[in-house]
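Just so you know, the sequence shown maps onto residues 5 to 235 in our numbering. Notes follow once the structure below has been shown.
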Amino acid sequence: MYSSIVRLQNTFGFFTTVTFFIAFVISLSDFFSVRTPSVGVLKTTNLQVVRGRPHYYSSKKEEYAIIKFSLDADLSSLFTWNTKQLFVYVTAEWPSAGSQNATNSAVIWDSIITAPSSDHLATIGPIALKKLKKSAGGKPIDPSRGKLSLKNQRPKYQITHPSGQLASQEDVQLKLHYNVQPWVGILTWNQDQDWWNWKALKNGLSKKFRLPALKKKDEGKKKTASTGNRS
């Protein structure tokens, strides 16, 4: 009953209980931190629909959209002492044809913003890492983290559709998403309504827009030929 193995098991069980309790308290503390994420500007700056192979591994030609955008957002309130990193991404969404409730959604840009305590996890170069450490020196939370200012940003990913058609698509919107990844606790995503101290993301949707029609390659040749005949 009082063997070394039993005592070791009791000690390990007590240690595990204390560890889980501390982890629970840490994760619970996030609910007392005020979250007020907001978006100042989210708009398109250039739209283009092209027919071709969107990726080098694409087996066939199809229509794909290239959307450039500008974004000003303040997500700094999402960083607390328990925040490991913040995953931010922008999607283009539009209603699905033939269904009232279904929505098409495609990611066009994403980024990972690390907290000062986890900068070593970021896949960045030594110069950028040195600047991050300097900016966070002596601060538990860097107030500039989470503040995005993108002007005429090129998309990381082109938009495609299983039908292979995207030209002249209407009611398209850009939407900002975020995912808070803590050191201890559950992952939390952008919310549509207020939860006590956690406020819903404001102005996270852009105005609706229409994708341009597909440009024909022969149009430029015809215009050049007609100009040459007149001269």
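We put the CB at the ideal spot given by N, CA and C, even for glycine.
Determine the DSSP secondary structure at T192, reduced to helix, strand or coil.
strand
Original post:
Where does N130 fall in DSSP's three states?
Top reply: The sequence shown places Pro at residue 130, not Asn. When secondary structure is reduced to three states using DSSP, P130 falls in the helix class.
* **Rounded straight-line distance, which links the Cα of F25 to that of G17** => 12 Å
List the DSSP bridge partners of V111.
T95
**Prompt:** Residues in its own chain within less than 6 Å of T228 by CB, not counting five upstream and five downstream?
**Reply:** Its pLDDT being 49, under 50, T228 is placed unreliably in this model, and the value from its coordinates should be taken loosely. Around T228: no qualifying Cβ.
- Just mark Q89 as buried or exposed, buried being the case when its beta carbon has 16 or more other beta carbons within 10 Å. Here Q89 is buried: its Cβ has 16 or more other Cβ atoms, across all protein chains shown, within 10 Å.
(request) Verify whether the separation of the beta carbon atoms of K72 and N156 is less than 7 Å. (result) yes
Cβ pair count under 8 Å reaching 3, the segment 104–111 against the segment 189–205: no
Q.
Classify F83: buried if its beta carbon has 16 or more other beta carbons within 10 angstroms, exposed otherwise.
A. buried
Next on the checklist: Whole angstroms are fine: how far does the CA of F36 sit from the CA of E66?
Outcome noted: If I take the Cα positions, the gap works out to 49 Å.
Once the 5 residues before and after K151 are set aside, which same chain residues still bring their CB inside 6 Å of it?
D78 and S80
Quick one: give me the first and last residue of the beta strand (DSSP E) that I279 is part of. Residue 279 is absent from the model: the chain starts at 5 and stops at 235.
- request: To the nearest angstrom, report how far apart Q173 and T164 are at their CA atoms.
  value: 12 Å
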